[in-house]
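**Q** Below are the structure tokens for one structure; questions will follow.
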Amino acid sequence: MRRSLILLSFVVALFAAPLAHAVQPDEIMSDPAKEARARDLSRELRCMVCQNQSIDDSEAPLARDLRLLVRERLAAGDSDSQVIDFLVARYGQFVLLKPRFERETLLLWLLTPLLLIGGGLALWLQARRRARRNSEGAGLSAEEEARIAALMSSDASPGRPSPR
Amino acid sequence: MIAESGHYALVLALGLALIQSVIPMVGARLRDPALMNVARSAALAQLVFALTSFALLVTLHVTSDFSVANVFENSHSMKPLIYKITGVWGNHEGSMLLWVSILALFGGLVAAFGNNLPLSLRARVLAVQAWIASAFYLFILITSNPFARLANPPLEGRDLNPVLQDIGLAVHPPMLYLGYVGFSISFSFAVAALLEGRIDAAWARWVRPWTLMAWIFLTLGIAMGSYWAYYELGWGGWWFWDPVENASLMPWLAGTALLHSALVMEKRNALKVWTILLSILTFSLSLLGTFLVRSGVLTSVHAFATDPSRGIFILVILCAFIGGSLTLFAGRASALKQGGLFAPISREGALVLNNLLLTTACATVFVGTLYPLALEVLTGEKISVGAPFFNLTFGPLFLPLLIAVPFGPMLAWKRGDLLGAAQRLLAAGIAALVALAIAWAWARGGSALAPLAIALAIFVISGAVVDLVERIGLARVPFAKALHRARGLPRSVWGTAFAHAGLGVALIGIVCETTWNSEYIGTMHPGDARPIAGYQLTFDGMQQRQGPNFSEVVSTFKVSADGKPLAVMTPSKRTFTARGMSTTEAALMTRGVSQLYISLGDATNDGGIAVRVYHKPLVLLIWFGPMLMAFGGLLSLSDRRLRVGAPQPARSARSLQPAE
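If you read the sequences in order, they're chains A and B. So the first sequence is numbered by the numbering used here: it starts at 300 and just counts up by one. So the second sequence is numbered by the numbering used here: it starts at 590 and just counts up by one.
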């Protein structure tokens, strides 16, 4: 039941969890610089029980736990990448909203540049081939010249039968 | 009785669709006009029965007939009338019925206004439409019957999900479906053309208005959905790169590419094979979107595996139509003759670049949406692909696109003059530099890229203006003459300018909202005051209120600036009794195109309440942009040359126009 509702339209997809709040006032760190880092990190991390929501957006209890965990690590003096490594070690790649560049994600990361370069190259080759074919066939054969002359003269003097 | 009639009407619509699938095809093969004409009457009759079925389901919802399972599960007798109606498509079965009704509507429109089409083409187009319709009627009747009865009718319904009890539901899904399903027309035209084995510039002229119409609806539908998410979800986000959103974005990107390539085909008889392929792909992506949203595969691959009946059915439809049409394309495309040579620097060249970038963007969204699913099915490994990925891959593609947009309309067909175009765009470039300087001077923090993005947006907008100014010769000829020329300018030229400017407008909104938005998260007690972005916010207190099918706690905030009171904002928390669910209703104050946004959290024991307050500068431009684009599309659609069903008289009208 809940599923069919969730699937209704794209807005609805965002309501897997009961509504409450994302970042709560009591979670905020006293150090604004660290809090800003926590927010930036939170946007890169997935709430694993939600549909494609970052822990910064999600109201699920798990997201709150993760937000607190991120802040705990930051307070302990971890760097951003240490926090990420810690979470990946604990929850796997699934927690990252931006997958790492690895063997499994080669196609994911490379498709866009490959398509752009490949598409551009194909278009360039096609244009060149066409241009060459065009320049080869640019000159008219003697027979075509004669036909044009015939058509022009018949056009210039309507009513008279064409010379051919 | 009403439910049974609705069900029966749907069965009859299926029967008519089956007739419409076969007879006109046979007629076109045998060149029998009588058989071909069956398509027209069958399509119109099918429309009548589909609409009857839909109207009967609406009647059931309005009269709260809880003996029907669909009404019981999604309605409540106390629900306001508007939500009783919109609740019809606020669930799986009803929304599929809306989907096929809109499909029948488009089929009926082609039948009614397609008198200028060659008889055999019209017969084949309508037959292909009927193939799609038959598949989806069968899907509804076999797996998702909205008219199923309950053996023991309950007294009261379960009510609609409170989140959906919003005016957004009245507009967003129908718009989105009009867009999705509208692309079925260009698909049917493409398949019919491949079957006919003949395709020319006239084909593009018939297809373009339909594509444009679908594109306008899809643009508005996506923008509406985004705004709805923005004000309803309560954290001020407006685009989440959610797979369901991506499902609607993919056909939009492909459809936008299609609009531009069909233009080349109509004007220059080139890019035929590509245009046909795009028509097929655009609707295929619409079908894919339907599959993603309807099958449950998004929630989890496992949810799909445990209850696969619906998903498998749509998957079969998807494979049959996409596979079938692509096979047909592979077999026939080589027979289509390519015409219209052009130099790389030309209007055609610019439109090809547009297509390259848009299809790459579309492919990026596609792979980002489906990669996690594919990886999980193949290796069992779970990864997530979210906003950070798309911002990094999708965003950069729009940079060259936006730079190229003003150049496109400036270049001549066949062989353009890039230097000349650049000279004419000098004014736009200067405007962009001025904007850059201003943004740099004003910017308080935020990314250094933001002023550059603003400059780019201004370049796009002023490029559109410069194009118009150039065409009417403003400043070169007397004003009255320029005015006269402006009136004589084809509406499609105005449409292009508006649509392109809309792109720039949306970009300004996006950049400002993401870069300079301010936020306050904290607990406020009655009497507390907080400053945010130059406003003073005072929390007055909370009261209990009773709505028709909910009770709510309303908090009152007074907003003032420089000591002068501006507005009272009343965000609330609603509790819906029937489902025991609660929602937060954000309060918005609009000043100009910027907004102040308050959303409530939980109340604390000492009488305070957690609040999130945002100031979002120029945020409304995010949605004004798409509205401008849609308006531009509408202008183009009203161009005599394009008007649905009126290409014939248009040809003579064009020859009467004064030479530019």
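Just so it is clear, CB atoms sit at the ideal spot from N, CA and C, and this is done for glycine as well.
1. Who are Thr1179/B's beta bridge partners in DSSP?
2. Using the three-state DSSP reduction, which class does Pro1318/B fall into: helix, strand or coil?
3. Go ahead and pull the three-state DSSP assignment for Val1202/B.
4. From Gln754/B to Met802/B, what does the alpha carbon distance come to, in whole angstroms?
5. What residue from Met999/B, Gly1062/B, Ile1027/B, Ile972/B has the CA that sits closest to Val1049/B's CA?
6. Mark Pro613/B as exposed unless 16 or more other C-beta atoms lie within 10 angstroms of its C-beta, in which case mark it buried.
7. Nearest by alpha-carbon distance to Ala332/A: which of Leu386/A, Ser378/A, Ala449/A, Leu420/A is it?
8. Counting only runs of 4+ residues fully inside the stretch 674-699 of chain B, write out the alpha helix (DSSP H) ranges in chain order.
9. Between the C-alpha atoms of Leu1177/B and Val882/B, what's the straight-line distance to the nearest angstrom?
10. Considering only residues of the stretch 815-883 of chain B, which uninterrupted alpha helix (DSSP H) runs meet the minimum length of 4 residues and lie entirely inside it, listed in chain order?
11. Under 8 Å Cβ to Cβ from Glu443/A, same chain only, skipping five residues before and after it: list those, please.
12. On the DSSP letters alone, give me the boundaries of the beta strand (DSSP E) that Glu1141/B sits inside.
13. Between the stretch 1097-1106 of chain B and the stretch 1188-1208 of chain B, are three or more C-beta pairs nearer than 8 Å?
14. Where do the ends of the alpha helix (DSSP H) carrying Ala632/B lie?
15. Give the interface partners of Pro707/B over in chain A, defined as CB-CB distance under 8 Å, in chain order.
16. Nearest CA to the CA of Pro1040/B: which residue from Gly1098/B, Val886/B, Gly997/B?
17. Just reading off the alpha helix (DSSP H) that Phe778/B is part of, what are its end residues?
18. Give me the subset of the stretch 855-871 of chain B whose CB atoms are less than 7 Å from a CB atom of chain A, sorted by chain position.
19. Quick check on the burial criterion: 16 or more other C-beta atoms within 10 angstroms. Buried or exposed for Phe1213/B?
20. Which residues in the same chain have their Cβ closer than 7 Å to the Cβ of Ile447/A, if we skip the five residues on either side of it in sequence?
21. Pick out whichever of Ala950/B, Glu970/B, Asn858/B has its Cα sitting closest to the Cα of Phe978/B.
22. Taking a cut of 8 Å between CB atoms, which residues from the stretch 968-979 of chain B lie near chain A?
23. Assign Val348/A to buried or exposed, taking buried as 16 or more other Cβ atoms, counted over all protein chains shown, within 10 Å of its Cβ.
24. With a 10 Å radius around its C-beta and 16 neighbouring C-beta atoms as the bar for buried, classify Gln1237/B as buried or exposed.
25. Starting from the beta carbon of Leu395/A, find every residue of chain B whose beta carbon is closer than 8 Å, and list them in chain order.
26. Would you kindly report the start and end of the unbroken alpha helix (DSSP H) that includes Val752/B?
27. With a threshold of 6 Å on Cβ separation, who are the neighbours of Ile608/B within its own chain once the five nearest residues in sequence on each side are excluded?
28. Identify whether Phe1165/B lies in helix, strand or coil by the three-state DSSP scheme.
29. Using a Cβ-Cβ distance cut-off of 7 Å, determine whether Arg345/A contacts chain B.
30. Any beta-carbon of chain B closer than 7 Å to the one on Leu368/A?
31. Could you tell me the distance, in whole angstroms, from the CA atom of Ile901/B to the CA atom of Ser884/B?
32. Any C-beta of chain A within less than 8 Å: which residues of the stretch 812-840 of chain B qualify?
33. Do we get a CB-CB distance below 7 Å when we pair Gln392/A with the residues of chain B?
34. Applying the criterion that 16 or more other CB atoms from any shown protein chain within 10 Å of the CB defines a buried residue, is Asp1056/B buried or exposed?
35. Counting only C-beta atoms, is Thr1112/B closer than 7 Å to chain A at any point?
36. Starting from Ile911/B and walking both ways along the alpha helix (DSSP H), at which residues does that stretch end?
**A** Answer, in terms of the structure:
1. Gln1184/B
2. Any property of residue 1318/B remains undetermined from this structure, which presents chain B solely from 590 to 1249.
3. strand
4. 28 Å
5. Met999/B
6. Pro613/B should be labelled buried.
7. Ser378/A
8. none
9. 30 Å
10. 832-857
11. none
12. 1139-1150
13. yes
14. 622-651
15. Residues of chain A passing the Cβ test: none, with the nearest at roughly 31 Å.
16. Gly1098/B
17. If you look at Phe778/B, you'll find it in the alpha helix (DSSP H) that goes 756-785.
18. Of all residues in the stretch 855-871 of chain B, none has a Cβ within less than 7 Å of some Cβ in chain A.
19. Classification of Phe1213/B: buried, given that the 10 Å Cβ count is 16 or more.
20. none
21. Ala950/B
22. Listed by position, the residues of the stretch 968-979 of chain B near chain A (Cβ gap below 8 Å) are Thr968, Glu970, Lys971, Ile972, Ser973, Val974, Gly975, Ala976, Pro977, Phe978.
23. Exposed, because fewer than 16 other Cβ atoms sit within 10 Å of the Cβ of Val348/A.
24. Unreliable positioning characterises Gln1237/B in this predicted model, as indicated by a pLDDT of 45, which lies under 50. A coordinate reading is not provided.
25. Ile972, Ser973
26. No alpha helix (DSSP H) holds Val752/B; DSSP gives it neither H nor E.
27. Within its own chain, the residues whose Cβ lies closer than 6 Å to the Cβ of Ile608/B, once the five positions on either side in sequence are excluded, are Ala631, listed in chain order.
28. strand
29. yes
30. Chain B places no beta carbon closer than 7 Å to that of Leu368/A, leaving this residue out of the contacts.
31. Between Ile901/B and Ser884/B, the C-alpha separation is close to 8 Å.
32. Gly814, Trp817, Ala818, Glu821, Leu822, Gly823, Trp824, Gly826, Phe829, Trp830, Asp831, Pro832, Val833, Glu834, Ala836, Ser837
33. At least one chain B Cβ lies under 7 Å of Gln392/A.
34. That one is buried.
35. yes
36. 898-921
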